[in-house]
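Visitor:
Numbering (our numbering), first residue to last: 13 to 110.
1. Is residue 61 helix, strand or coil when you go by DSSP?
2. Output yes or no for whether 7 Å exceeds the beta carbon distance between residue 73 and residue 53.
3. Look at the Cβ atom of residue 87, then the Cβ atom of residue 35, and state whether they are nearer than 7 Å.
4. Checking the sheet assignment: what are the DSSP bridge partners for residue 72?
5. Closest by CA to residue 64, which one among 32, 16 and 24?
6. Identify the continuous alpha helix (DSSP H) that holds residue 84 and give its terminal residues.
7. Taking the straight line between their C-alpha atoms, what separation do you get for residue 51 and residue 15?
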């Protein structure tokens, strides 16, 4: 399913997708235009955790966490195709929000 379908399924999905897209746009420096460009980027992302995805030529390391009701935390790291130096686990997230 696309982001629009996933976002409309539950209010939590909308905020998860919005926060992940916003994190990606900030990391890439493109601003909010990328958040609202109607290109699916994170629709298949899990509700929480750490994962990798590709968007065109970019590889992304993403995480989303809902630390408590009404809050959403997303972090995006854009990676070069040859960059394998970033190691990020769910334990890393626990350091932010114990």
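A virtual CB, placed ideally from N, CA and C, is assigned to each residue, including glycine.
Guide: Walking through what the data contain:
1. Residue mapping note: residue 61 aligns to position 49 of the chain shown, counting from 1. In this structure, residue 61 counts as strand in the three-state DSSP scheme.
2. In the chain shown, residue 73 corresponds to position 61, counting from 1. In the chain shown, residue 53 corresponds to position 41, counting from 1. The answer is no: Cβ separation not under 7 Å.
3. Along the chain shown, one-based indexing puts residue 87 at 75. Along the chain shown, one-based indexing puts residue 35 at 23. A contact, by the Cβ cut-off of 7 Å.
4. For this step, residue 72 is matched to residue 60 along the chain shown. For residue 72, which the question treats as bridged, DSSP gives the partners 65 and 90.
5. Looking up residue 64 in the chain shown gives position 52. If we check each option's Cα against that of residue 64, 32 comes out closest.
6. Counting from 1 along the chain shown, the entry for residue 84 is found at position 72. Neither: residue 84 is in no alpha helix (DSSP H) and is coded neither H nor E.
7. For the purposes of this step, residue 51 is identified with residue 39 of the chain shown, where counting begins at 1. For the purposes of this step, residue 15 is identified with residue 3 of the chain shown, where counting begins at 1. Roughly 8 Å between the two C-alpha positions.
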